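Asks: Residue numbers (the working numbering): 670 to 916. We put the beta carbon where it would ideally sit given N, CA and C, even for glycine. All values reported here derive from a predicted model rather than from experimental measurement.
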Ligand SMILES: [Zn+2]
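(1) Are at least three pairs of beta-carbons, each pair with one atom in the stretch 819-829 and one in the stretch 841-852, less than 8 Å apart?
(2) Taking contact to mean at least 3 C-beta pairs separated by less than 8 Å, is the stretch 698-716 in contact with the stretch 748-760?
(3) Should residue 819 be listed as close to ligand 1, given that the test is whether its C-beta is under 7 Å from any heavy atom?
(4) For the stretch 797-804 against the stretch 719-731, do three or more pairs of beta-carbon atoms, one drawn from each stretch, fall closer than 8 Å, so that the two count as touching?
(5) Check whether the Cβ of residue 823 sits closer than 7 Å to any heavy atom of ligand 1, and report yes or no.
(6) In three-state DSSP terms, what is residue 831?
(7) For a test of the three-state rule: what should DSSP assign to residue 865, helix, strand or coil?
(8) Can you tell me which of 900, 773, 686 puts its alpha carbon nearest to the alpha carbon of residue 705?
(9) Excluding sequence positions up to five away, which residues of its chain have a Cβ less than 7 Å from the Cβ of residue 847?
(10) Count Cβ pairs between the stretch 740-751 and the stretch 761-775 that sit closer than 8 Å; are there 3 or more?
(11) From the DSSP output, which residues share a beta bridge with residue 729?
(12) Is any heavy atom in ligand 1 found nearer than 7 Å to the beta carbon of residue 845?
(13) What I want to know is whether the C-beta of residue 768 ends up closer than 7 Å to one or more non-hydrogen atoms of ligand 1.
(14) Between residue 828 and the rest of its own chain, which residues show a CB-CB distance below 6 Å, the 5 nearest in sequence each way excluded?
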């Protein structure tokens, strides 16, 4: 079987020549695989099975995991390794994909979102917090957790001066309806609500195309992150690390 894959995790056991990887593949979703001898840099599969390599893998199904017979690099996101903040964010994206993408099922849309996000991150053409928010919201929607951002969930008003996002309920409420209730509600400016609606409801090709101030992107990233953490009811080590170093 031949499929394109992004390597999202690399486990190297001391003293072993083989490299064990977790990959997000186009045709099989998340898989675990071992690449024989890939820890030897002279091995032809070495570069193509490193973390953040996007490669064409030739796979063989073993008893409890796949065996990489051959790996050819397509894009290697090595530039991300030169910037600790970008690398930390990329590793968080990988951890999230490992949790949210399907196993043994095609995952073309997850792979496309990951590759677009890593390209934008490497090219410096988007604010990293914007990339983070788009990836978080689009990916959790793909996994079946879609927030309802159409209107106030109580009275149905489409917009008001101040709206609140409820990460746990996954919906929005207007100021009037939010009075005296809802733990963890997050205030949303009209800009912020418009950005979240754009990310969730736009065509894939347009989901990164919107502008905000840097402060706006920071608030957006807080909202999308709170939604992820509340819906999945868990934390991510890579996210905690990113938050300790992000500016
Ligand atoms: Zn209302």
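Replies: This is what the structure holds:
(1) In short, these stretches touch, since the Cβ pair count reaches three.
(2) When Cβ pairs closer than 8 Å are counted between the two stretches, the stretch 698-716 is seen not to touch the stretch 748-760, the count staying below three.
(3) Every heavy atom of ligand 1 is 7 Å or more from the Cβ of residue 819, so no.
(4) Contact fails: fewer than three Cβ-Cβ distances are below 8 Å.
(5) Residue side-chain check: residue 823 places its Cβ nearer than 7 Å to a non-hydrogen atom of ligand 1.
(6) DSSP places residue 831 in coil when its eight states are reduced to three.
(7) Helix at residue 865.
(8) When only C-alpha atoms are compared, the closest one is 686.
(9) The beta carbon of residue 847 is closer than 7 Å to those of 833, 854 in its chain, skipping five residues each way along the sequence.
(10) Flag = no, the stretch 740-751 and the stretch 761-775 do not touch.
(11) Answer by DSSP bridge pairing, in chain order: 736.
(12) Yes, the Cβ of residue 845 comes within 7 Å of a heavy atom of ligand 1.
(13) No - ligand 1 has no heavy atom lying nearer than 7 Å to the Cβ of residue 768.
(14) Within the same chain, residue 828 has no close Cβ partners at all.
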